[in-house]
Amino acid sequence: MKLAVSDLDLRRLEFCLGKRAKAVGILIGVIDFCFLTTAFVKCFQLIQTFGYTPLATSACFSIGILYTSHLIAILTCWYGISKGLSSWIVPKIVLKCTTVILLILATCVLTYFITNNPRYIGDVIARGLNSDYLEHKSAIDVATVMLVTVSAALAIGQIWLLLLLIGCYKEIRQKEVQQLLEAALLKEKNNEERKRRHDKDRTTVM
119 MKLAVSDLDL RRLEFCLGKR AKAVGILIGV IDFCFLTTAF VKCFQLIQTF GYTPLATSAC
179 FSIGILYTSH LIAILTCWYG ISKGLSSWIV PKIVLKCTTV ILLILATCVL TYFITNNPRY
239 IGDVIARGLN SDYLEHKSAI DVATVMLVTV SAALAIGQIW LLLLLIGCYK EIRQKEVQQL
299 LEAALLKEKN NEERKRRHDK DRTTVM
């Protein structure tokens, strides 16, 4: 049974998939940009408040690296979506997976220490801010609990964005497969037409 290109509405499917993927890609990029920009600004505010303490400096440095990496990944992701190239979305997926894993690990570690040894994590934060834990115990304990809550919420949010990004990748990949199928069917149709013309010419000569 022969299939014609017109039997499959590939162009319409390609348009729908591309439009949805672009919307999802833009949404993920904007959310990540806003989140990372906010985190970066907060780190600078932390340095302005406590000075160049070990905790504030390391946090600002880590967020800076993450910020730069995500910006590059966002640009490559948008380029891949606009050009219909699924391979350009892979760096963003890998970076997003890394971010999710780090957030989950941070949440688990902080929860463990808060549950079993809150004094230890409090001392770590106090030393990082060049302050005394006993003098600021209540504030540090509240900040630690808030840090766990924020980390858990961010992990959940990043998992949701990761699932959206994977779905976007699958749609772009499906679009690529549909384009290859369309090209293969068109090639087959052209080959059949050339074969018919060749047979017709041979019949005319005979």
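First residue of the sequence shown: 119, per this note's numbering; consecutive thereafter. Even for Gly, the Cβ is constructed at its ideal location relative to N, Cα and C. Being a predicted model, the structure only gives us computed values, none of them experimental.
Buried or exposed for tryptophan 206, going by 16 or more other Cβ atoms inside 10 Å? Along the sequence shown, one-based indexing puts residue 206 at 88. Under this definition tryptophan 206 is a buried residue.
Give the C-beta separation of alanine 177 and leucine 189 to the nearest angstrom, bearing in mind that I take them to be a contact with Cβ-Cβ under 8 angstroms. Counted from its first residue, the sequence shown places residue 177 at position 59. Counted from its first residue, the sequence shown places residue 189 at position 71. At roughly 18 angstroms, the Cβ-Cβ gap does not stay under 8 angstroms, so alanine 177 and leucine 189 are not in contact.
If we count Cβ pairs, one from each stretch, closer than 8 angstroms, do we get three or more for the region 207-223 versus the region 275-284? yes
Any idea what DSSP makes of leucine 203, helix, strand or coil? For the purposes of this step, residue 203 is taken as the residue at position 85 of the sequence shown. If DSSP states are grouped into helix, strand and coil, leucine 203 belongs with coil.
Would you call serine 204 buried or exposed, if buried means 16 or more other Cβ atoms sit within 10 Å of its Cβ? Within the sequence shown, the letter at position 86 stands for residue 204. Buried, by the Cβ-count rule.
Option nearest valine 159 by Cα separation, candidates Ile144, Pro172, Val142 and Ser180: Reading the sequence shown from its first residue, position 41 is the one you call residue 159. When only C-alpha atoms are compared, the closest one is Ser180.
If you draw a straight line from the alpha carbon of lysine 313 to that of glutamate 294, how long is it in whole angstroms? Mapped onto the sequence shown, residue 313 falls at position 195. Mapped onto the sequence shown, residue 294 falls at position 176. When rounded, the distance between both Cα atoms is 28 angstroms.
Valine 260 and isoleucine 232: beta carbons closer than 8 angstroms? Reading the sequence shown from its first residue, position 142 is the one you call residue 260. Reading the sequence shown from its first residue, position 114 is the one you call residue 232. It is not a contact, given that the beta carbons lie outside the stated cut-off.
Can you check whether the CB of lysine 210 is closer than 8 angstroms to the CB of isoleucine 192? Stepping through the sequence shown from its first residue, residue 192 is reached at position 74. Stepping through the sequence shown from its first residue, residue 210 is reached at position 92. In this structure, lysine 210 lies closer than 8 angstroms to isoleucine 192 by Cβ.
Taking 7 angstroms as the limit between beta carbons, can you name the residues of its chain near arginine 138, skipping five residues before and five after? Numbered from its first residue, the sequence shown carries residue 138 at position 20. Contacts found: Glu289.
Cα-Cα separation between asparagine 308 and threonine 156, rounded to whole angstroms: Translated into positions along the sequence shown, residue 308 becomes position 190. Translated into positions along the sequence shown, residue 156 becomes position 38. Approximately 56 angstroms, taken between the alpha carbons.
Relative to the C-alpha of cysteine 286, which candidate in Val208, Gln297, Ala302 and Ser269 has its C-alpha closest? Residue 286 sits at position 168 when you count from the first residue of the sequence shown. It is Val208 whose Cα lies nearest to the Cα of cysteine 286.
Considering only residues of the same chain and omitting the five flanking positions on each side of lysine 140, which have a CB-CB separation below 6 angstroms? Translated into the one-based positions of the sequence shown, residue 140 becomes position 22. Excluding residues within five positions, the ones whose Cβ falls inside 6 angstroms are Ile199.
Short check: CB of leucine 228 to CB of threonine 186, under 8 angstroms? As a first step, residue 228 must be located in the sequence shown, where it is residue number 110. As a first step, residue 186 must be located in the sequence shown, where it is residue number 68. Cβ atoms of leucine 228 and threonine 186: not closer than 8 angstroms.
For the candidate residues Gly169, Cys195 and Thr175, whose alpha-carbon lies nearest to that of phenylalanine 151? Translated into the one-based positions of the sequence shown, residue 151 becomes position 33. Checking every option, the nearest Cα to that of phenylalanine 151 belongs to Cys195.
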